[in-house]
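Every letter in the sequence shown is one number past the one before it in this note's numbering, and letter 213, counting from 1, is 596.
Cβ coordinates follow ideal geometry from the N, Cα and C atoms, glycine included.
To start, the structure under review is shown below, and the notes come after it.
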Amino acid sequence: CNILIAGGSGSGKTTLLNALTMFIPHYERVITIEDTLELNFDFLKNWVALEANPSLTERAEGIDMQVLVENSLRMRPDRVIVGEVRGREAETLFVAMDIGLNGSMGTIHSNNAKETTIRLCSEPMNLPVRMFPLLDLIVVMNRHYDKNRGLVRRVTEVGEVAGLEGDVVQMGQIYRWNARTDTISRTEYPILLTEKIGRRCGLTKRQVDMEIVKRKLVLEAMLKKGIRMKNDVIAIFQEYHRDPDSLLSKLGIRETGPANRPPRD
C-alpha cells in the first residue's frame with residue numbers, strides 16, 4: 384500500500400521508513416530520492432539511490448527533488464520512495480502511485496494525519512485534492528518525554544484515506560496511541576484497506592486477513608526468539624517471500640489454529 388510517514392523533526396520518520404522497507408521483496412527495483420542521503424536499502428538487489436544537487440551559484444542549474452522524481456518514473460521502478468516530501472515532487476509521487484507503483488512511500492513534516500492532508504493540498508506542494516485517494520495510509524510519529532526512559536519515539540496515529548466527499552478528504556483514524564498505557568490500539572473506525580489490497584492482488588478479504596495473521600505470527604515469533612538484528616530480520620522477511628510455509632514451520636508456527644483464524648467474510 385502507499386504510505387506517508389508524518390511527524391516533526393527528530394520524531395523517527397526516516398528510522399521507521401528504513402524499517403518498513405525491510406518488508407520489500409529483495410528482487411523489486413526501488414528508486415529512492417533524497418536531498419541528503421539517509422536511507423540505506425543495500426539489501427535490495429535493484430536499489431537505485433538518487434540525491435538532489437541544488438545549484439550552488441546563480442548561473443549553475445541544480446537538480447532538484449522534482450526533477451529526480453520525474454526521471455525516476457522512466458527507470459522502470461516497482462516503487463518510488465521519497466525521503467522527504469516538501470514541494471512540487473509531491474504531485475509526481477502521487478502520479479507514481481496512479482500509474483501502478485503500489486508500495487510507494489515518503490515522509491513529510493506534519494503533526495497529525497489531518498494536518499498532513501492540509502499541507503499536501505497547500506503551497507508549496509499544491510497536490511490536487513482529487514489525487515489524494517491514491518494514498519492509503521498516513522502513519523504519524525511523535526517524540527514524548529518519559530520520566531523513566533527519557534525521550535521516546537512512538538507511532539501515535541495511523542490514518543486511513545477513505546476517499547473524498549466533494550473536495551474534502553475523508554480520513555479515518557484506525558489506530559491511536561494511548562499515552563497512559565504506552566500502547567497503540569485499534570479504534571472503532573472500520574478498515575477499508577484489506578478490501579483494497581484484495582482487489583489489487585486478486586484475493587478475497589478472508590485471504591488478505593489470513594495473510595495478515597501469518598505475518599503477525601511471524602513478527603511475534605521473532606520477538607519471542609529475540610530476533611532483532613537488521614540482517615537477521617531481513618533474512619527472515621526474505622525467506623517468507625520465498626517460501627512462507629517453510630518459514631512458518633521453521634519458527635514452530637501453526638497458523639491454522641482456531642485462535643488465529645480471522646472471522647469469515
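Nearest-angstrom Cβ-Cβ length linking residue i and residue j, presumed shorter than 8 Å
i	j	result
E472	M488	With a Cβ gap of about 13 Å, E472 and M488 do not count as contacting.
L600	I636	5 Å
V468	L456	Contact flag wrong, Cβ pair sits at about 16 Å.
A496	I521	4 Å
Residue i burial status per 10 Å Cβ neighbour count (16 or more: buried)
i	result
G466	buried
D537	The identity of residue 537 in the sequence shown is Arg, whereas the question assumes Asp. Label assigned to R537: buried.
T566	exposed
L484	buried
N385	buried
K597	buried
D626	exposed
Y558	buried
M458	exposed
S493	buried
K396	buried
L433	buried
S392	exposed
T499	buried
K633	exposed
V413	buried
Separation of residue j from residue i, as counted between CA atoms
i	j	result
A389	E603	26 Å
F620	G486	16 Å
I482	H409	22 Å
D461	W430	10 Å
V452	P511	17 Å
L631	V541	28 Å
L586	E571	25 Å
F515	I617	31 Å
**Asked** If we count Cβ pairs, one from each stretch, closer than 8 Å, do we get three or more for the region 548-560 versus the region 493-504?
**Response** Judged by Cβ distances under 8 Å, the region 548-560 makes contact with the region 493-504, as three or more pairs qualify.
**Message:** Going residue by residue through the region 427-501, where are the continuous beta strand (DSSP E) segments of at least 3 residues, counting only ones entirely within it?
**Reply:** Listed in chain order, the complete beta strand (DSSP E) runs (minimum 3 residues) inside the region 427-501 are 429-434, 462-465 and 488-492.
Return the chain-ordered ranges of every alpha helix (DSSP H) run that is complete within the region 531-598 and spans a minimum of 4 residues. When DSSP assignments are scanned along the region 531-598, the uninterrupted stretches of alpha helix (DSSP H) that are 4 or more residues long and fall wholly within it turn out to be 576-584.
#### Entry: Cβ contact (3+ pairs, closer than 8 Å) linking the region 416-425 and the region 395-408
Contact holds: three or more Cβ-Cβ distances are below 8 Å.
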